[in-house]
Structures are given as structure tokens and as C-alpha cells.
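Residue numbers in the sequence shown follow the numbering used here, run continuously in steps of one, and reach 293 at the last position. Glycine included, each C-beta is placed from N, C-alpha and C at the ideal position. This report refers to the structure that appears directly beneath it.
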Amino acid sequence: MNGKEWSIQEIAKKAGTTSRTLRHYGDLGLLAPSRIGSNGYRYYDQNALVRLQRILLLRELGLSLPVIGELLEGERDPAAALRTHLRLLEQERERIARQIASVRTTLHKTEKGEELMAEEVFDGFDHTRYEEEVSRRWGRDAYEKGDRWWRSLTEQQKKGFLKEHEDVARDWGRAHKAGLAADGDEAQDIARRHVAWLSTTASVGRSYVIGLGRMYVDDPRFGVNYDKHGEGTAAFVRDGLTAYAERHLTDGPDAGGACGE
Numbered sequence: 033m034n035g036k037e038w039s040i041q042e043i044a045k046k047a048g049t050t051s052r053t054l055r056h057y058g059d060l061g062l063l064a065p066s067r068i069g070s071n072g073y074r075y076y077d078q079n080a081l082v083r084l085q086r087i088l089l090l091r092e093l094g095l096s097l098p099v100i101g102e103l104l105e106g107e108r109d110p111a112a113a114l115r116t117h118l119r120l121l122e123q124e125r126e127r128i129a130r131q132i133a134s135v136r137t138t139l140h141k142t143e144k145g146e147e148l149m150a151e152e153v154f155d156g157f158d159h160t161r162y163e164e165e166v167s168r169r170w171g172r173d174a175y176e177k178g179d180r181w182w183r184s185l186t187e188q189q190k191k192g193f194l195k196e197h198e199d200v201a202r203d204w205g206r207a208h209k210a211g212l213a214a215d216g217d218e219a220q221d222i223a224r225r226h227v228a229w230l231s232t233t234a235s236v237g238r239s240y241v242i243g244l245g246r247m248y249v250d251d252p253r254f255g256v257n258y259d260k261h262g263e264g265t266a267a268f269v270r271d272g273l274t275a276y277a278e279r280h281l282t283d284g285p286d287a288g289g290a291c292g293e
């Protein structure tokens with residue numbers, strides 16, 4: 033990258049944030065200035081800009097600053113991380129574009145008194161955006177089974193299924209805030225409920241549950257579902273599920289499954 037630099041005021045204005053926020057990021061070790069001038073002003077080069085973009089993207093996912101720091105510390109290839117995030121943003125853009133088109137169609141037909149089609153009304157509101165990833169992680173058969181099961185539910189059943197997971201996630205957060213041990217009785221009872229929820233769509237085995245727990249920490253898209261209930265909750269969930277799986281689960285021939293979160 034070239035030697036161009038920007039002052040802290042310039043970066044704050046362009047990024048839609050404040051100099052105070054950037055200094056706070058620096059104090060936390062998230063965003064060090066490329067240099068500090070003789071006047072005490074902080075200056076940022078292009079490497080710092082890339083890092084700030086990554087911070088802001090992760091903040092939009094709802095991650096806390098300490099969690100973002102851990103993610104950035106573990107990244108060895110910023111370009112690869114940005115490519116991954118770009119794919120996520122593109123998928124989200126496509127989903128939102130479908131929703132916009134769906135609402136426009138609904139509005140137009142409602143105003144004209146025309147008959148609505150369910151496929152048009154709910155386009156963009158489905159869970160199939162995870163199709164490729166689930167198929168890659170756990171096999172095409174796992175995705176198709178989960179997809180058939182999801183589509184067989186009524187809207188009320190879908191809401192109940194999602195609420196059950198939210199209740200479990202909230203209890204994980206409470207247990208973590210209370211300082212309970214991840215392998216203790218209370219946390220393990222939450223783990224039992226979590227695994228039972230996962231088992232709604234398919235039989236799950238030890239490796240699957242342990243791998244899913246790790247994904248909660250490694251993938252911010254899923255970790256945010258837990259860390260929103262308290263910083264570090266995703267890691268607590270991982271440890272709790274790992275302990276439960278090692279004690280109670282095996283990898284039988286039917287173990288596996290896919291459950292969108």
C-alpha cells in the first residue's frame with residue numbers, strides 16, 4: 033500500500049464516527065495509529081483503514097469490542113476475512129432486494145385488489161440463504177431433511193421453535209453472568225435443553241455438537257446470538273456443549289443434522 037495518511041479528524045468524518053471513538057479503539061488495542069505527529073495528532077495509513085473497516089463491519093453484527101479484538105488477533109489474512117464478510121454482505125443484499133420486491137408486489141396487488149400468491153408475499157423471508165453452507169458442513173441430505181421439516185411447520189410452530197432457542201440462549205447468558213461453571217449441573221441442564229432443541233430436526237452426535245459449539249465462537253454470525261446476552265456467552269456455550277457431548281453423546285451412524293440459528 034502507498035504512503036498516504038489521514039488525520040484522526042478526517043477518518044472520523046469519513047467513517048461516520050468520532051475522534052473520541054477512534055481514540056477509544058486505540059486505547060483498547062483495536063486500532064493503533066500508524067504514527068503520532070509532533071503536534072500529538074494521530075494519523076492513519078491504508079492498513080489502519082482496512083482494520084477500521086473490519087471493526088465497523090463486526091460492530092454491525094452486534095459483537096462487543098473485546099470479542100472483536102479476539103477475532104482480529106486471530107486473523108492472519110485480513111484479505112481473506114474481508115472476502116468472507118463481502119460474501120455475507122452480498123447474500124444479505126440479495127435477500128433484502130428480494131424482500132423489497134416482495135413488499136412492492138404485495139402493495140401493488142393490494143391496492144389493485146388483485147389476488148396474492150404466497151410465494152410472492154414471503155419471497156426473501158426464508159432460511160434457504162444457508163443452503164450452501166449447511167450442505168458443505170453437514171452434507172446435502174442434512175440440509176434437505178432440515179428444509180423439509182421446516183417447511184412442514186405452521187407459522188405458529190416456527191415461532192415456537194425460534195422462541196425455544198431464544199429462551200435457551202437467554203438462560204446461557206444468565207448462567208454465564210452468574211459465574212457458573214460450564215460443566216456444572218445448572219449449565220449442563222441448559223446444555224441438555226440445547227441439544228434437545230437441536231435434535232428436533234435430526235439425530236445429533238458428539239462431533240456435531242462439539243463442532244457446532246466451536247462454530248458459535250469462530251463464526252460471528254452465530255456467536256452474536258449468544259454474546260448479545262453477555263460478553264463471552266458464546267464461549268461459555270461452547271464449553272458447556274462440549275462437556276455435555278463428551279459425557280452423554282456418541283457418534284452413531286445416524287448422528288449429524290443441520291439446524292439453522
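Give me the residue from Lys190, Arg238, Arg224, Asp259 with the minimum Cα distance to Gly205.
Asp259
Please classify Pro252: is it buried, with 16 or more other beta-carbons within 10 angstroms of its beta-carbon, or exposed?
Looking at its Cβ environment, which holds 16 or more other Cβ atoms inside 10 Å, Pro252 is buried.
Opposite Arg206 in the DSSP bridges: which residues?
In DSSP, Arg206 forms no bridge with anything.
Can Ala219 and Gly272 be called in contact, C-beta distance under 8 Å?
Yes, they are a contact pair.
How big is the Cα-Cα spacing for Glu92 and Val241?
27 Å
Terminal residues of the beta strand (DSSP E) in which Arg12 lies:
Here the chain covers residues 33 to 293 and nothing more, so residue 12 does not appear.
For Ile128 and Asp59, what's the separation of their Cα atoms in angstroms?
36 Å
Spatial neighbours of Arg67 within its chain, please: CB distance less than 7 Å, with the 5 preceding and 5 following residues excluded, ordered by chain position.
Tyr75
Could you please give the first and the last residue of the uninterrupted alpha helix (DSSP H) stretch that includes His56?
51-59
Since Asp283 contacts Arg238 with CB under 8 Å, what's their CB separation in whole angstroms?
5 Å
Find the nearest neighbour of Gly69 within the set Val249, Leu88, Trp38, judged by alpha-carbon distance.
Trp38
Which residues in the same chain have their Cβ closer than 6 Å to the Cβ of Lys36, if we skip the five residues on either side of it in sequence?
none
Express the C-alpha separation of Ser96 and Arg224 in angstroms, rounding to a whole number.
27 Å
When the Cα atoms are used, what is the spatial distance from Glu300 to Phe193?
Residue 300 is absent from the structure shown; the chain starts at 33 and stops at 293.
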